[in-house]
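The opening residue of the sequence shown carries number 0 in numbering that gives the first Met the number 0; numbering runs sequentially from there. All C-beta atoms, glycine included, are put in the ideal place defined by N, C-alpha and C. Owing to the predicted nature of the structure, the values given are computational and were not obtained by experimental measurement. Remarks on the structure that follows.
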Amino acid sequence: MKRFIRTFAAVGIFAALLIFPDAAADAARSGLEMCAGVIIPSLFPFFIATNLINELGVSRLFANALTPFGAKVLGVSGHGVAAFIIGVTGGYPLGASYIAGLRKSSLIDGSEASRLLIFCNNSGPAFIIGAAGVGIFSSVTVGFFLYAVHILSALTLGIILSPRAHYDICYDDEPAGAVPFSSAFTNAVKRSADAIISVCAFIIAFSALGGILDSLDVLPAFAGRLSVLMGTELSWCRALAYGILELGNGIGSMTGLDITPLNLALAAFILGWGGLSVHFQTFSMVSGTDIKTARYVIGRFFAALMAAAMALLGTAILF
């Protein structure tokens, strides 16, 4: 049965491309423009920096400095706290890439890596403040508010997932490896190039898929039905439908919406969820490791719900 469903889906996508080639091409072009204008300039340097940190062994220094906080609050090692910081400052899927690097270097075990993946892979300030805050709501204040909500929901989820027995406070006495900087930088650039190509490929693929679903009236019909059931604006439901599939298109679909508690809650939900495109990017980052992804998608959904609830509460107090 599963094989039949996979085959049917593959044939269906191929047929849709034949029927709606222009729509798929236009959507893929938009995804490519997003990669060239936003994704590569904002993420690629961060990919190089984090890979360089791992190559030179600098992450061990971060781990020792952050070990007490990680052990007592989150029940993770210092490497785990470093992964959280990189995840909330670099953006999707940089947290996943850093965690995979830690696991491949055997700096954390598979159990910790699987738990870290759930709350350390987050959207970054460049996208939340720049795209969501300024680009959609024309407000830097709203951007910082959404970013604070995003970090708080991720941190709360991390505390909830913390094991009952706190992580033992232990320091990594092994010094940073004596790797020549030239070799470390070369390897970091190569790995970053592979990672950014993978990220952009998924963005373009899901943009094309969104264009096809739009042409088939699947997403508009879903948004219309959701609008009737929830009693909300069609544009609100359309943004939610697109946000479930792809982060950039979901936030972009909110253009023109006012600054209201419900709209900010929607933005917080979309940012916390990340979209199926981000999830597949994450899976590609951790492939080749023993990191389990079964709980990742469920965890991101709960993180999104918490972010939406916090945004509703926060707007009632601040705005």
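Counted within 10 angstroms of its Cβ, other Cβ atoms place residue i as buried (16 or more) or exposed
i                 : result
isoleucine 202    : buried
threonine 281     : buried
proline 40        : exposed
arginine 2        : exposed
alanine 207       : buried
glycine 36        : exposed
arginine 190      : buried
proline 179       : exposed
leucine 17        : exposed
leucine 270       : buried
glycine 287       : exposed
glutamate 245     : buried
proline 174       : Confidence is the limiting factor: at proline 174 the pLDDT is only 49, short of 50, which leaves the residue's position unreliable, though a coordinate-based value still follows. Exposed: under 16 other Cβ atoms inside 10 Å.
serine 137        : exposed
leucine 106       : buried
serine 276        : buried
alanine 14        : exposed
alanine 293       : exposed
phenylalanine 126 : buried
alanine 130       : buried
valine 285        : buried
Nearest candidate by alpha-carbon position, reference residue i, set the options
i                 : options                           : result
asparagine 121    : Arg2, Ser138, Ile4 and Leu151     : Leu151
aspartate 25      : Gly247, Met253 and Gly210         : Gly210
serine 96         : Ile290, Val148, Ala35 and Ala131  : Ile290
phenylalanine 325 : Val57, Val188 and Leu215          : There is simply no residue 325 to check, as the chain begins at 0 and stops at 318 in what is shown.
isoleucine 195    : Val87, Ser283 and Phe7            : Ser283
cysteine 34       : Pro162, Asn186, Phe184 and Gly247 : Gly247
threonine 231     : Ala220, Leu244, Leu261 and Ala204 : Leu261
proline 162       : Val72, Val227 and Leu233          : Val72
alanine 264       : Trp235, Leu16, Ala125 and Ala130  : Trp235
isoleucine 38     : Arg294, Ser276, Ile84 and Cys199  : Cys199
threonine 259     : Ile243, Leu145 and Asp216         : Leu145
serine 319        : Pro92, Val10, Arg5 and Ser181     : The structure shown has nothing for residue 319, since the chain only spans 0 to 318.
leucine 317       : Val141, Gly123, Thr292 and Ala9   : Val141
glycine 274       : Arg294, Leu304 and Ile243         : Ile243
serine 181        : Gly11, Ala8, Leu51 and Ala315     : Leu51
phenylalanine 319 : Leu154, Ile158 and Pro124         : Coverage of the chain is limited to positions 0 through 318, which leaves residue 319 absent and any answer about it impossible.
Contacts around residue i, its chain only, beta-carbon distance under 7 Å, and the 5 residues preceding and following it disregarded
i                 : result
aspartate 108     : none
glutamate 111     : Val75, Ser76 and Gly79
valine 139        : Ile128, Gly132 and Val133
serine 214        : Phe19 and Ala22
phenylalanine 29  : Here residue 29 is serine; the residue named in the question, phenylalanine, does not match the sequence. Ser206.
valine 296        : His278
isoleucine 47     : Ala187, Val188 and Ser191
aspartate 216     : none
phenylalanine 221 : Ala240
Whole-number beta carbon distance between residue j and residue i, since they are thought to touch under 8 Å
i              : j             : result
isoleucine 117 : glycine 298   : 3 Å
alanine 238    : glycine 249   : 6 Å
asparagine 53  : serine 104    : 6 Å
glycine 94     : alanine 82    : 6 Å
glycine 320    : leucine 42    : Examination of residue 320 is not possible in this model, given that the chain is present from 0 through 318 alone.
leucine 55     : alanine 183   : 5 Å
leucine 374    : alanine 240   : The structure shown does not extend to residue 374, since the chain is modelled only from 0 to 318, so the question has no answer here.
glycine 49     : isoleucine 85 : Note on identity: in this sequence residue 49 is threonine, with glycine being the wrong assignment. About 6 Å separates the two Cβ atoms, so the contact holds.
Contact set for residue i: own chain, Cβ-Cβ below 6 Å, skip 5 residues either direction
i                 : result
leucine 156       : Phe118 and Ala302
leucine 382       : Since the first residue of the chain shown is 0 and the last is 318, residue 382 is not available in this structure.
leucine 212       : Leu218
valine 87         : Asn121 and Ile150
phenylalanine 279 : Phe201
asparagine 186    : Glu54
leucine 31        : Ile203
Sequence-distant residues of the same chain with beta carbon closer than 8 Å to residue i, five excluded per side
i                 : result
valine 148        : Ala267, Ala306, Met309, Ala310 and Gly313
isoleucine 135    : Ile250, Gly251, Met253, Thr254, Leu256 and Ala266
aspartate 193     : none
phenylalanine 300 : Trp272
7 Å Cβ cutoff, residue i in contact with chain B
i          : result
valine 277 : Absent here is chain B; the protein component of the structure consists of one chain.
For the stretch 87 to 162, list the beta strand (DSSP E) runs that are entirely contained and at least 3 residues long, ordered along the chain. Listed in chain order, nothing qualifies, since the stretch 87 to 162 has no complete beta strand (DSSP E) run of 3 or more residues.
Quick one: complete alpha helix (DSSP H) runs, 4+ long, within the stretch 218 to 281? Listed in chain order, they are 233 to 244, 246 to 251 and 260 to 272.
At 4 residues or longer, what runs of the alpha helix (DSSP H) sit wholly inside the stretch 1 to 80? Correct list: 1 to 18, 20 to 33, 39 to 55 and 58 to 68.
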